[in-house]
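The structure under discussion appears below in the form of structure tokens.
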Amino acid sequence: IYLQGEGITPERAENGNLRLGKTVFKPFEADDGSYVRADAGGYQILLNYRKPKDGFPTVSLSDVLENRVPKEWVRDRIVTIGSTAESLNDYFYTPFSSELSDEVTRTAGVEIQANITSQILMAALQGRPQLRIWPDPLEYGWIFLWSSIGAILAWTLPNWKWT
127 IYLQGEGITP
137 ERAENGNLRL
147 GKTVFKPFEA
157 DDGSYVRADA
167 GGYQILLNYR
177 KPKDGFPTVS
187 LSDVLENRVP
197 KEWVRDRIVT
207 IGSTAESLND
217 YFYTPFSSEL
227 SDEVTRTAGV
237 EIQANITSQI
247 LMAALQGRPQ
257 LRIWPDPLEY
267 GWIFLWSSIG
277 AILAWTLPNW
287 KWT
């Protein structure tokens, strides 16, 4: 509905995939990249997180009910509504779960939904590239290349004269 207001409606691309505005969404396949025998049911795409945990503005329900949220925060915007209560156990591991410290944090489901929404909107409106996987031969070649470089360095570095 939001994109319809921008004049964008879902279309079928030449290859049969979904076209939405400036982007064609290629669906996730069961053996894409390192996802071996993954559940690829439905029309899934790889999520390219836009913002880390706590990267989207949030307001409490009591602030909304007591009319303490400025109208410009929600006017002409998509608002995701959900809970961030730890007790509901709607938290998940994401690429932002671990930083350089040993502390592992999880992200609320509503923030993940906000990232998905943001990704779809930016792809459709601005043509932001989607995450893609390499074809298997290219991926195997990349692994072989760096394995070879590592092996060559492992064999030659101990013999180098460091002065």
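To convert, count from 1 in the sequence shown and add 126; that's this note's numbering. C-beta atoms are modelled at their ideal positions from N, C-alpha and C, and glycine is treated no differently.
Anyone know if the C-beta pair for residue i and residue j falls short of 7 Å?
i	j	result
Thr-233	Thr-220	yes
Phe-222	Pro-178	yes
Asp-158	Ile-269	no
Asn-241	Arg-145	no
Asp-262	Gly-235	no
Val-294	Val-185	For residue 294 there is no data in the structure shown, the boundaries of the chain being 127 and 289.
Leu-264	Asn-174	no
Ala-139	Val-150	yes
Where does residue i fall in DSSP's three states?
i	result
Ile-224	The sequence shown places Ser at residue 224, rather than the Ile named in the question. Strand at Ser-224.
Leu-146	strand
Glu-198	helix
Glu-137	strand
Which first and last residues belong to the alpha helix (DSSP H) in which residue i is found?
i	result
Leu-191	187-191
Leu-247	235-252
Ala-277	262-282
Taking the beta strand (DSSP E) that residue i falls in, what are its first and last residues?
i	result
Val-150	149-151
Could you tell me how far apart the beta carbons of residue i and residue j are, in whole angstroms, since I believe they sit closer than 8 Å?
i	j	result
Ala-250	Ile-134	6 Å
Asn-143	Pro-136	Actually they do not touch by this definition, with Cβ atoms about 11 Å apart.
Looking only at its chain, what residues have a beta carbon closer than 6 Å to the beta carbon of residue i, apart from the 5 residues adjacent to it on each side?
i	result
Arg-254	Met-248
Asn-141	none
Thr-210	Ala-234
Lys-148	Gly-253
Going along the chain, which residues of its own chain have a beta-carbon closer than 8 Å to the beta-carbon of residue i, five neighbours each way excluded?
i	result
Tyr-161	Phe-154
Tyr-128	Ile-204 and Leu-247
Arg-163	Ala-156 and Asp-157
Gln-239	Thr-206 and Gly-208
At a threshold of 6 Å, does residue i count as lining the ligand NAP (C-beta to nearest heavy atom)?
i	result
Leu-251	With respect to the ligand NAP, the structure offers nothing, as it holds no ligand at all.
What residues in its chain sit with their C-beta under 7 Å from that of residue i, if we drop five residues either side in the sequence?
i	result
Gln-245	Leu-173, Asn-174 and Arg-176
Gly-293	Because the chain is modelled from 127 through 289, residue 293 falls outside the range shown and cannot be assessed.
Ser-188	none
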